[in-house]
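The next block holds one structure in the form of structure tokens; read it before the comments.
Number of protein chains: 2
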Amino acid sequence: MSKHTHSCEHCHHQSCARRVPIFSSLDDDELSWVSSLITTKKYSKGELIIMEGSNPESLIIVNKGKVKAFKDTQEGKEQILYIFTEGDFLGEKNLLSQQKATYNVETLEETHICLINKKDFQQLLREYPDISFKIMSELCNRLERLENTIENMGAKKIEARVSSVLLEFLDKYGKHHAKGTLVELPLSREGIASYIGVARETVSRKMSRLQDEGVIRVIGNKKVIILDKEALEREIQ
Amino acid sequence: MSKHTHSCEHCHHQSCARRVPIFSSLDDDELSWVSSLITTKKYSKGELIIMEGSNPESLIIVNKGKVKAFKDTQEGKEQILYIFTEGDFLGEKNLLSQQKATYNVETLEETHICLINKKDFQQLLREYPDISFKIMSELCNRLERLENTIENMGAKKIEARVSSVLLEFLDKYGKHHAKGTLVELPLSREGIASYIGVARETVSRKMSRLQDEGVIRVIGNKKVIILDKEALEREIQ
DNA sequence: CGGGCACTTGATAGTAATCAAGTCCGGTGG
DNA sequence: CCACCGGACTTGATTACTATCAAGTGCCCG
Chain Y
1 MSKHTHSCEH CHHQSCARRV PIFSSLDDDE LSWVSSLITT KKYSKGELII
51 MEGSNPESLI IVNKGKVKAF KDTQEGKEQI LYIFTEGDFL GEKNLLSQQK
101 ATYNVETLEE THICLINKKD FQQLLREYPD ISFKIMSELC NRLERLENTI
151 ENMGAKKIEA RVSSVLLEFL DKYGKHHAKG TLVELPLSRE GIASYIGVAR
201 ETVSRKMSRL QDEGVIRVIG NKKVIILDKE ALEREIQ
Chain B
1 MSKHTHSCEH CHHQSCARRV PIFSSLDDDE LSWVSSLITT KKYSKGELII
51 MEGSNPESLI IVNKGKVKAF KDTQEGKEQI LYIFTEGDFL GEKNLLSQQK
101 ATYNVETLEE THICLINKKD FQQLLREYPD ISFKIMSELC NRLERLENTI
151 ENMGAKKIEA RVSSVLLEFL DKYGKHHAKG TLVELPLSRE GIASYIGVAR
201 ETVSRKMSRL QDEGVIRVIG NKKVIILDKE ALEREIQ
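Top line first, the protein sequences correspond to chains Y and B. First residue of the first sequence? That's 1 in UniProt numbering, and the numbers climb one at a time after it. First residue of the second sequence? That's 1 in UniProt numbering, and the numbers climb one at a time after it.
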């Protein structure tokens, strides 16, 4: 057994490593070793974790909470690119290519992260090629999501973009509910707007319309019940 | 020396393998071996290489020519996602994740491609981890390009999108010229339009305006001289 | 030289951004 | 506990921009 298995100060990390898809091919001993490499950090809501142009020296894994990755444009707008949640990793660009961060990352709620040092991470990759495969696979998934986003933004009506986001949030954050699926929105109206590239008023209007049509039910600013998932899927086609 | 080094039927492939960034860490012997795994194929302009939903069983490397990767929407529009040129690989999604093709790929001119069988490719990855690193690095680059595209489409004016494309083409296809840089456009106006997500008439108008302002000079339908690169960069900011 | 196709240019209409009030809700302090 | 305050959201009116529709125009190729 690894000498790290019973190291109490790392016990709470192991669950982190165990939950992360990129380490899913490792056995208990290996996970213990990985856990020993991890340090943790906690952030409260609204803190900036990574700043565009900086040079993070570690792989970051989200252990609890949510963060948004976004770019600031000179026109004063904000374009949200990703929302990362439990199990997602980030900062890989700085470790795999030799690049500076190309976007900001900010917490959307209280968030705990795990950090793996650049050298340790690179050693892991060499020792366990399966981790590389997992990462490549995840990078392909991200590419696919971005490709779909581009298709939405370039070739589809705004109705379709709103429906897409709602379905995406439904998949990620939906919970069963009497008449449909209850979704806790990770973003404000303004956040949704800068995620799909429209004005915040437009999001309000489209969501109001969807409510009038009986497709969704809006509960305050942070919750939505999806009553008719198929209708949303029809909007996207 | 590898027994393949003097195998004439593979000589013309070796240059392909040698030119490809993902194999740049291999030595001559290893390259010869890779070359022996490669088969080639030629396409004329306008042929469909990959169809959305199909399941390509090989990694494809562009050896000569250009191809476009695009999605067809139900609204009848086409969204172009990538233009791949000499040295670029594609089809990785089907080999790294277990996914079907999520976009169509069509040649923009006469194109020669190299094919590496799925099993051979996976063996290569296991034997030479550096190839995995190169691929991860390239995937990160693609992510970054898509992230920038999304920023353009979501948060920037159309002027900026046109300027972005022109600068992108300038980087990839520009050649020195008396008064600026001559760029052979890989896409028609309609192609450019579906690359940046606007109507083809809008591309015409914006380019006319840029010509009136003395920033570019349009020569027929397929060439442009960039006279004032800085002006384009200012449009993007 | 003629035909066709891609492109340009102009006119119009539709849609979303912007500007501008309100409204709702949660939190705070009296 | 209630009243007030501020921030986020909704809704309405107007403006600006681009898509669409509709003629031309020019260029390439046979």
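Even glycine gets a Cβ: it sits at the ideal position worked out from N, Cα and C.
Taking just the CA atoms, how far does residue j sit from residue i?
i: Met207 of chain Y; j: Gly180 of chain B; result: 49 Å
i: Glu151 of chain B; j: Gly197 of chain B; result: 13 Å
i: Gly154 of chain Y; j: Ile60 of chain Y; result: 31 Å
i: Ala178 of chain Y; j: Gln122 of chain Y; result: 48 Å
i: Arg161 of chain Y; j: Asp212 of chain Y; result: 18 Å
i: Glu109 of chain Y; j: Lys45 of chain Y; result: 4 Å
i: His4 of chain B; j: Tyr128 of chain Y; result: Reliability fails at His4 of chain B, whose pLDDT of 40 lies under 50, so the model's placement of it is uncertain and the value that follows must be treated cautiously. Going from the Cα of His4 of chain B to the Cα of Tyr128 of chain Y covers about 31 Å.
i: Ser7 of chain B; j: Asp29 of chain B; result: A caution first: Ser7 of chain B carries a pLDDT of 40, below 50, which makes its placement in the model too unreliable to give a value.
i: Asp88 of chain Y; j: Gly174 of chain Y; result: 18 Å
i: Val126 of chain Y; j: Leu96 of chain Y; result: It is Arg, not Val, that sits at residue 126 of chain Y in the sequence shown. Rounded to the nearest angstrom, the two C-alpha atoms are 12 Å apart.
i: Asp27 of chain B; j: Cys16 of chain B; result: 14 Å
i: Phe84 of chain Y; j: Lys229 of chain Y; result: 24 Å
i: Val165 of chain Y; j: Tyr195 of chain Y; result: 9 Å
i: Ala199 of chain B; j: Glu168 of chain B; result: 20 Å
i: Leu124 of chain B; j: Gln98 of chain B; result: 18 Å
i: Leu90 of chain B; j: Arg205 of chain B; result: 34 Å
i: Asn94 of chain B; j: Gly220 of chain Y; result: 42 Å
i: Asp171 of chain Y; j: Ile225 of chain B; result: 48 Å
i: Glu75 of chain Y; j: Thr149 of chain B; result: 16 Å
i: Thr73 of chain B; j: Ser35 of chain Y; result: 45 Å
i: Glu86 of chain Y; j: Pro56 of chain Y; result: 20 Å
i: His176 of chain Y; j: Tyr43 of chain Y; result: 30 Å
Looking at residue i: is its Cβ nearer than 8 Å to the Cβ of residue j?
i: Thr111 of chain B; j: Gly65 of chain B; result: yes
i: Glu147 of chain Y; j: Leu146 of chain B; result: yes
i: Leu185 of chain Y; j: Lys222 of chain Y; result: yes
i: Asp120 of chain B; j: Leu37 of chain B; result: yes
i: Thr202 of chain B; j: Ile158 of chain B; result: yes
i: Val62 of chain B; j: Glu106 of chain B; result: no
i: Leu232 of chain Y; j: Val218 of chain Y; result: no
i: Ser58 of chain B; j: Asn117 of chain B; result: yes
i: residue 282 of chain Y; j: Asp130 of chain Y; result: Nothing in the structure corresponds to residue 282 of chain Y, since chain Y is present only between 1 and 237.
i: Arg142 of chain B; j: Leu143 of chain Y; result: yes
Buried or exposed for residue i, please, with buried defined as at least 16 other CB atoms from any protein chain shown within 10 angstroms of its CB.
i: Lys156 of chain Y; result: buried
i: Thr39 of chain Y; result: exposed
i: Ala69 of chain B; result: buried
i: Arg209 of chain Y; result: exposed
i: Lys41 of chain Y; result: exposed
i: Arg234 of chain Y; result: exposed
i: Ser163 of chain Y; result: buried
i: His10 of chain Y; result: Summary for His10 of chain Y: the model assigns pLDDT 45, below 50, so the residue's position carries little reliability, and this model does not support an answer.
i: Lys100 of chain Y; result: exposed
i: Lys71 of chain B; result: buried
i: Ser132 of chain B; result: buried
i: residue 291 of chain Y; result: An answer regarding residue 291 of chain Y cannot be provided, because it is not within the stretch 1 to 237 covered by chain Y.
How about the segment 76 to 86 of chain Y and the segment 182 to 195 of chain Y: do they share at least three Cβ pairs that are nearer than 8 Å?
-> yes
Would you be able to state if there are at least three C-beta pairs under 8 Å between the segment 40 to 56 of chain Y and the segment 113 to 120 of chain Y?
-> yes
Between the segment 18 to 33 of chain Y and the segment 128 to 141 of chain Y, do three or more beta carbon pairs fall short of 8 Å?
-> yes
Going along the chain, which unbroken runs of the alpha helix (DSSP H) with 4 or more residues stay wholly within the segment 33 to 80 of chain Y?
-> none
Within the segment 133 to 216 of chain B, ranges of the alpha helix (DSSP H) (whole runs, at least 4 residues) = 158 to 173, 189 to 196, 200 to 212
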